[in-house]
Ligand SMILES: Nc1ncnc2c1ncn2[C@@H]1O[C@H](COP(=O)(O)OP(=O)(O)OP(=O)(O)O)[C@@H](O)[C@H]1O
Ligand SMILES: [Mg+2]
């Protein structure tokens, strides 16, 4: 009996100890949670403040020009007297450059990924994949430099143009920038399609090509979509390349070889010379707002597409 | 269909050694043996599915209608259309139920709607799945249960009407009722196919097959009529395995 009572008391002590440790652990967990919350809050607040700042510095221009005139205005002569603040040509230039770049980079990137994941031998794959990934790390100024020094003279000569710095050159360079991202991420998605699916298709008498088109691509489409989004979002707001090789002329492009002035190039080129809190300064920030809305819309749509495909396409085996 | 002196290597590892085995039309051949003895490997040699595995090679002959399927001139795609396969793990495509079954027909160039619909229904019926999925043909096949997925894979293989049907443990994911349905199906299909089935279930082998081959460590130890194998096997090793004394 005595020993039993003794054991009981010991047990109570142990349980006390246990509870105390438990409380200590809970406190520590709460502290960690608060710590992470503060860090997250700090970075989100900073981003939020940047957006607020962008709008504060951009909106005043609309006291001088209407939103309509600003967006659809044909003339961008910010330093003339009186100045013209119409960014329609800049918007069209951005759209044209991004579109042409995607038309080049999406097929090339995805087809290269298919080649690497499905057709190439393991040796070639292991050799080429790291090289492609390395290309993704090329600084944009280097690509811009390449466009200026190598591609521009080539285009000028071959097509007999007044300048090789133009819409096509900029699109090509932007495509160069997004292809590695598109290729490497799509390749991961394609490569991770389960072998079982491939075998199922081949066992039914499908050829390798039919298997790629009907099974492998649909099963990895959400990964491919993500790859395209990430690749294009690298191109869409890219400044350095378009500043260096797009040509800088404020005109609405009518040919592939027109020099153009996309929004980021305009902002970067003019910000330094625009008088602080002058109309030109406000107009450049307003251009930034438009660019921001563009990329935002792009991301929302892209996210939506990736999500939609994920639901039908994911191969969960 | 037959194999003569077939060896198969994964790299340097011999997974099959000197397997000579005949498979007869209108007969069910069961392959039994402990895990890792090369049953799946043999099955995958018969439709050249092992071609996909790098560093693997097959030696010896596999004859289908007297022609060696490992002959370099053989059209592998055409060959696989004649030899259907149901895999060990259910592997439906991430497509609708209908498209899963119609897949083989579509890659064979059939696109007529009514014909497709008929073939799909027929195949699903054969695989004892039609009643369960007739109202969800347009839902994703990944939403089916494991057992339903396996029967879908069987329906998918049947839709293209192969001559030989390879089944790798088709019932390992099924409940007794579905298993019974599949076994009935095998009986029914026997009249028009050559069926080769891998199973770990001795009763199943005894129930469905006409001929049973016992494998051990990549070698064909004994092959005979199923009745003979299960009642008076010639070798002690076979008897020990069948009666569960090793495995
Ligand atoms: N892709 C592969 N690469 C290398 N070795 C393999 C591969 N597939 C199978 N093997 C080996 O070959 C041997 C036979 O495998 P196999 O899958 O044919 O066995 P099994 O009889 O089907 O077994 P189980 O009853 O478990 O399915 C095993 O030792 C296995 O480890
Ligand atoms: Mg197996």
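Protein chains in written order, with this note's numbering: chain D, 1 to 317; chain C, 318 to 564.
A virtual CB, placed ideally from N, CA and C, is assigned to each residue, including glycine.
Predicted, not measured: the structure shown is a model, and the values here were computed from it.
Listed along the chain, the chain D residues whose CB falls inside 7 Å of the CB of residue 507(C) amount to none; the nearest CB is some 21 Å away.
Listed in chain order, the non-local C-beta contacts of residue 206(D) below 8 Å within the same chain comprise 214 and 215, local neighbours out to five positions each way being set aside. Around the beta carbon of residue 364(C), 16 or more other beta carbons lie within 10 angstroms, which makes this residue buried. Residue environment for residue 488(C): buried (at least 16 other C-beta atoms within 10 angstroms of its C-beta).
CA-to-CA, the gap between residue 228(D) and residue 350(C) works out to about 49 Å. Nearest CB-CB separation between residue 259(D) and chain C: not below the 8 Å threshold. At a cut-off of 8 Å between beta-carbon atoms, residue 390(C) makes no contact with chain D.
Buried is the label assigned to residue 357(C), since at least 16 other Cβ atoms lie within 10 Å of its Cβ.
Within the region 68 to 141 of chain D, the runs of alpha helix (DSSP H) that reach at least 4 residues and sit entirely inside it are, in chain order, 88 to 114 and 122 to 136. With a threshold of 7 Å, the Cβ atom of residue 357(C) counts as near ligand 2, since some heavy atom of the ligand is closer than that. Taking 8 Å as the cut-off, the Cβ atoms of residue 69(D) and residue 86(D) count as close. By the neighbour-count definition (other C-beta atoms within 10 Å, threshold 16), residue 250(D) is a buried residue.
Distance between residue 53(D) and residue 300(D), taken at the CA atoms: about 22 Å. Contact check for residue 221(D) against residue 109(D) fails: the beta carbons are separated by 8 Å or more. With fewer than 16 neighbouring CB atoms inside 10 Å of its own CB, residue 455(C) falls in the exposed class.
Look at residue 367(C): its C-beta is not under 8 Å from any C-beta on chain D.
At a threshold of 7 Å, residue 515(C) counts as near ligand 2, since its beta carbon sits closer than that to one of the ligand's heavy atoms. Relative to the Cα of residue 119(D), the nearest Cα in the group 404(C), 369(C), 460(C) and 391(C) belongs to 369(C). C-alpha of residue 515(C) to C-alpha of residue 104(D): approximately 50 Å in a straight line. Of all residues in the region 204 to 221 of chain D, only 204, 205, 206, 207, 208, 210, 211, 214, 215, 218 and 219 come within less than 9 Å of chain C when Cβ atoms are compared, listed by chain position. Residues of the region 457 to 475 of chain C that bring their beta carbon within less than 9 Å of a beta carbon in chain D comprise 457, 459, 470, 473 and 474, in sequence order. Here the region 280 to 299 of chain D lies against the region 254 to 272 of chain D, with 3 or more beta-carbon pairs under 8 Å apart. With its beta carbon at least 8 Å from every one in chain D, residue 487(C) lies outside the interface. Between residue 477(C) and chain D, the shortest Cβ-Cβ separation is below 8 Å.
At a cut-off of 8 Å between beta carbons, residue 318(C) makes no contact with chain D. If you look at residue 264(D), you'll find it in the alpha helix (DSSP H) that goes 263 to 270. The Cβ of residue 328(C) sits no closer than 8 Å to any Cβ of chain D. For residue 425(C), the C-beta contacts it makes with chain D under 8 Å involve 205, in order along the chain. Residue 332(C) is a Cβ neighbour of residue 355(C), given a cutoff of 8 Å.
From the listed residues 298(D), 31(D), 195(D) and 254(D), the smallest Cα separation to residue 410(C) is found for 195(D). DSSP lists 531(C) as the bridge partner or partners of residue 539(C). Look at residue 384(C) here: in three-state DSSP terms it is strand. Each of 330(C), 412(C), 481(C) and 451(C) was checked against the Cα of residue 380(C), and the nearest Cα belongs to 481(C). In the DSSP assignment, residue 296(D) is bridged to no other residue. Under the criterion of beta carbons closer than 8 Å, residue 89(D) and residue 261(D) qualify as touching, at roughly 7 Å.
At the C-beta level, residue 458(C) and residue 402(C) stay beyond 8 Å of one another.
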